[in-house]
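J.: In our numbering, the protein residues as written are 9 to 568.
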Amino acid sequence: MKMKFRPVATIVVCACVALLIIGITTYMSQDTENEHATGEASISVVDNTEKIIENVFPKDKVVDVKITIDEDDFQSMMDNASAEEVKTASVDYNGIHYDNIGVRTKGNLSLRSVVSMDDSDRYSLKLSFDEYLSSQTLYGISKINLNNNYSDASYMREYLTYELAEQMGLPTPGYSFVNVYVNDKLWGFYLAVQQVDEQYLESNFGNSYGALYKAEMMGTGSDLVWIDDKISSYSGLAMKSESSNGDILIDMINELNNGTNIEKYLDVEEALKYITLQVVTNNTDSYIGSNKQNYYLYEDDGIFKVLPWDYNMAFGGLGKSSLLIDEPTQGALAERPLVAKLLEVDEYKEKYHEMIQNATEGYLSSATFKERVTQVSDMISSYVKADPSAFYTYEEYETGVKQLIQTNDSQVSNMNQQLDGTIASSGDGSGSGFDMGGFDKAGGGMGGRGMGGGQMPTANGTDGDYAVAAITPPDGKEAGGVAPTGEAGQGGGFNRGQGGGFPGGGQGRSPGFPGGGGFGGNQANSAPQGTMKDVIITLVALVVLGLSCVFVLLYKRKRI
């Protein structure tokens, strides 16, 4: 039987095929624009390790990160920084170009503090390469944080701490210094840090299917003290993965507090390394501090790993000049079972002391540390001097570098005396206490930006309401005084003296969403939510529908 094509059917088929071709062409052309990076980046981070070290997180140079964004969108982001709204932008990262990335403000204490400043919009930023195109990554990396070096006149506390963490064998995110530009204008000198997410996990553990939790200052349970067997009771451990494995987390916390075989659920050696890192760098903005925050837990085949995070307050940035190595907690030692329970075991305690000694005789030894600080300073000083949004003058930076060396020398001497028994390494169980009034002469204050005014603020629901302590003004300045002048292009100091809670009563927590590793749940989005993958699926569906119409129109049913 001869078949006759009907004009309507022909038109439908042609239109659908045309739409499909247009969609595929658009998708492929977007990939082609970035093929020099994205094509390789679609491979795992593990396969791109050398490229990442060379192009994304080099340690021997400063790279440019050039963000292009609609001026109105950028101003809206600055004006509403605490909302952490995601905006659409393009970026040239060390010469590698990407369109359709997400950018937003980020941070906790640093974000709220900058919000309350009259003279600064220097927010930390988060770049999300996969915000709109799920396959778009930078050599496998989907998110990078641009940290503003808040409260660190030396610019290098976080950099040096991550470097030490690497030497200790801890899983460490990529990091490097970057010059950030916004719409072709130099914005500031920042530290880029890789987000702890699926790509980070693949790189460090060879998998990303385990449960990932981030300890946050709001909520309960981030101290890992046993509450009960309900995962909802541990709201301070925010889930950052699609899978929760809540039963295993409960089992680990129960065993840590009430059992005798913690190695069944916890990588003890890595946990000891994590504790060591906090102690030898005097980082109380962590698990050992009053806020019990800034660490991750990753469940790798039933065993939890403790992952380091956020070190701009290391080397005594929160004002404590020394810690008791066997009782380093701010608050009762028993309220930090990850420290208390592990150090109850002689074998673990001996290994912990060895780790401290290796650090104080190695990377942190006076000569080695001073040499490394000098090397980093030589690399970054010209960028610091030209930083247009700096929190500090160049003179304060120079002072901060000197005080960083002095602080480390003082801490190392104190720890060595504790190790050899010259001075006590523990007390009555109440912890190392609080010392928010600033360092002694040996400790320094990193340029006078220490947290002043008495007891360190807390934020966990069991410890009271969070309050931001007043910021100590630069040396020689009166509180709330006029911003100091500096070098040409150098940003002025603060009009500080911030006391009380967060502006607007905010609590400083941005709930994450599964699998994302970081975005807040209430963020507005200035771009369409669909991706090119959605478009392709829709077009394929249209073609199938068109072909179905053709079949109905062209083929007559035979009568039996």
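The beta-carbon is built from N, C-alpha and C at its ideal position, and this holds for glycine as well.
Quick caveat: nothing in here was measured; it's all calculated off a predicted structure.
Does residue 112 come out as helix, strand or coil in the three-state DSSP assignment?
T.: strand
J.: If we call anything under 8 Å between Cβ atoms a contact, is residue 64 one with residue 146?
T.: yes
J.: How many angstroms separate the CA atom of residue 220 from the CA atom of residue 364?
T.: 28 Å
J.: Can you tell me whether residue 431 is buried or exposed, with buried defined as 16 or more other CB within 10 angstroms of its CB?
T.: exposed
J.: Could you name each continuous beta strand (DSSP E) segment of 3 residues or more that falls completely within the region 186 to 244, going from the start of the chain to the end?
T.: 193 to 202 and 220 to 223
J.: For residue 316, does the three-state DSSP call read helix, strand or coil?
T.: strand
J.: Residue 274 to residue 348, Cα distance in whole Å?
T.: 15 Å
J.: Return helix, strand or coil for residue 77, following the three-state DSSP convention.
T.: strand
J.: Within 10 Å of its beta-carbon, does residue 418 have 16 or more other beta-carbons around it, so buried, or fewer, so exposed?
T.: Residue 418 comes out buried.
J.: Compute the beta-carbon to beta-carbon distance between residue 70 and residue 186, rounded to the nearest angstrom, for a pair I have assumed lies under 8 Å.
T.: 6 Å
J.: Identify whether residue 96 lies in helix, strand or coil by the three-state DSSP scheme.
T.: strand
J.: Excluding sequence positions up to five away, which residues of its chain have a Cβ less than 8 Å from the Cβ of residue 342?
T.: 348 and 437
J.: Report the residue from 86, 161 and 260 whose alpha carbon sits nearest the alpha carbon of residue 311.
T.: 260
J.: Is the distance from the Cβ of residue 405 to the Cβ of residue 163 below 8 Å?
T.: Yes; because the gap between Cβ atoms is below 8 Å, this pair is in contact.
J.: Kindly indicate which three-state DSSP category residue 405 falls into: helix, strand or coil?
T.: helix
J.: Rounded to a whole number of angstroms, what is the C-alpha to C-alpha distance between residue 160 and residue 254?
T.: In this structure, the alpha-carbon of residue 160 lies about 37 Å from that of residue 254.
J.: Rounded to a whole number of angstroms, what is the C-alpha to C-alpha distance between residue 286 and residue 93?
T.: 32 Å
J.: How big is the Cα-Cα spacing for residue 116 and residue 95?
T.: 19 Å
J.: Pull up the DSSP beta-bridge partners for residue 134, would you.
T.: For residue 134, which the question treats as bridged, DSSP gives the partners 112 and 153.
J.: In terms of DSSP beta bridges, what is residue 439 paired with?
T.: 338
J.: With DSSP collapsed to three states, give me the class of residue 65.
T.: coil
J.: In angstroms with no decimal places, state the Cα-to-Cα distance between residue 190 and residue 167.
T.: C-alpha separation (whole angstroms): 23 Å.
J.: Which residue's Cα is closest to the Cα of residue 215: 307, 142 and 193?
T.: 307
J.: For residue 429, is the classification buried or exposed, using 16 other Cβ atoms within 10 angstroms of its Cβ as the cut-off for buried?
T.: exposed
J.: If you drop the 5 nearest sequence neighbours on each side, which residues of the same chain put their C-beta closer than 7 Å to that of residue 87?
T.: Closer than 7 Å at Cβ, skipping near neighbours: no residue.
J.: What is the rounded straight-line gap between the Cα of residue 337 and the Cα of residue 298?
T.: 8 Å
J.: Can you pull the DSSP bridge partners for residue 577?
T.: Nothing about residue 577 can be reported from this structure: the residues present for the chain run from 9 to 568 only.
J.: Taking DSSP as the reference, what is the three-state secondary structure of residue 279?
T.: helix
J.: Between residue 130 and residue 229, how many whole angstroms is the CB-CB distance? I'm expecting something under 8 Å.
T.: No, residue 130 and residue 229 are not in contact; Cβ-Cβ is about 33 Å, not under 8 Å.
J.: Which residue wins for smallest C-alpha separation from residue 293, given the options 61, 118, 148 and 89?
T.: 118
J.: What does a CB cutoff of less than 6 Å around residue 176 pick up in its chain, not counting 5 residues either side in sequence?
T.: 281
J.: Here's the rule: buried if 16 or more other CB atoms are within 10 angstroms of the residue's CB, otherwise exposed. What is residue 376?
T.: exposed
J.: Note down the Cα distance separating residue 313 from residue 179, rounded to an integer number of angstroms.
T.: 9 Å
J.: Could you work out which residue in 390, 366, 238 and 378 is closest to residue 256 when comparing CA atoms only?
T.: 238
J.: Kindly indicate which residue of 204, 289 and 235 has the alpha-carbon position closest to the one of residue 172.
T.: Nearest option by C-alpha distance: 289.
J.: Buried or exposed: where does residue 486 fall if 16 or more other Cβ atoms within 10 Å of its Cβ makes it buried?
T.: Model confidence at residue 486 stands at a pLDDT of 36, short of 50, so the residue's coordinates are unreliable and nothing is read from them.
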